[in-house]
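Contents: one structure, followed by commentary.
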Amino acid sequence: GFIRNESDNCLYIRSYKSVCTYLLLYYVDGILLAGEKNMVLSVVKTLSKECKMQKENTGRFLGMKIDRDEEKHVLKLDQSKYIKDLLVRLDMYDCKPCKTPLEVNFKIVTDHKSTITNKP
Numbered sequence: 001g002f003i004r005n006e007s008d009n010c011l012y013i014r015s016y017k018s019v020c021t022y023l024l025l026y027y028v029d030g031i032l033l034a035g036e037k038n039m040v041l042s043v044v045k046t047l048s049k050e051c052k053m054q055k056e057n058t059g060r061f062l063g064m065k066i067d068r069d070e071e072k073h074v075l076k077l078d079q080s081k082y083i084k085d086l087l088v089r090l091d092m093y094d095c096k097p098c099k100t101p102l103e104v105n106f107k108i109v110t111d112h113k114s115t116i117t118n119k120p
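According to full-length UniProt numbering, the stretch in the sequence shown is residues 1 to 120, in order.
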């Protein structure tokens, strides 16, 4: 069976016949990855018996677009749609873009009169 990852409780890992299968579950979204396609199909079949599932190959996970190049072994994550949606929601879609969040030569000036304390 799957073993819950100690670092991320939403990640489940299974090693079967020297093939690792990874299952990420977040709220209503999930993604299943395995070294062999038949392992993915087997897990989907088993999970479908236990709970209601919708299989969608949208190329998206948690709002991120996922592009996979199997030949080059490259996986790209794109959050541009999330950023655009956020800008629309915050009424900032027409704001002027900038390359850096601060001026390039911005100087931080410390106030030597105030003291830093760990107390509130």
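Ideal Cβ placement from N, Cα and C applies to all residues, glycine included.
None of the values given here were measured: they were computed from a predicted structure.
For a cut-off of 8 Å, the C-beta gap from Gln79 to Met64 is around 5 Å, short enough to register as a contact. In this structure, the CA atom of Val43 is about 18 Å from the CA atom of Phe61.
Per DSSP, reduced to three states, the secondary structure at Ser15 is strand. Separation of the CB atoms of Tyr26 and Cys10 is rounded to 5 Å, and the pair is thereby assigned contact status at 8 Å. DSSP links Leu23 through a beta bridge to Tyr12 and Leu32.
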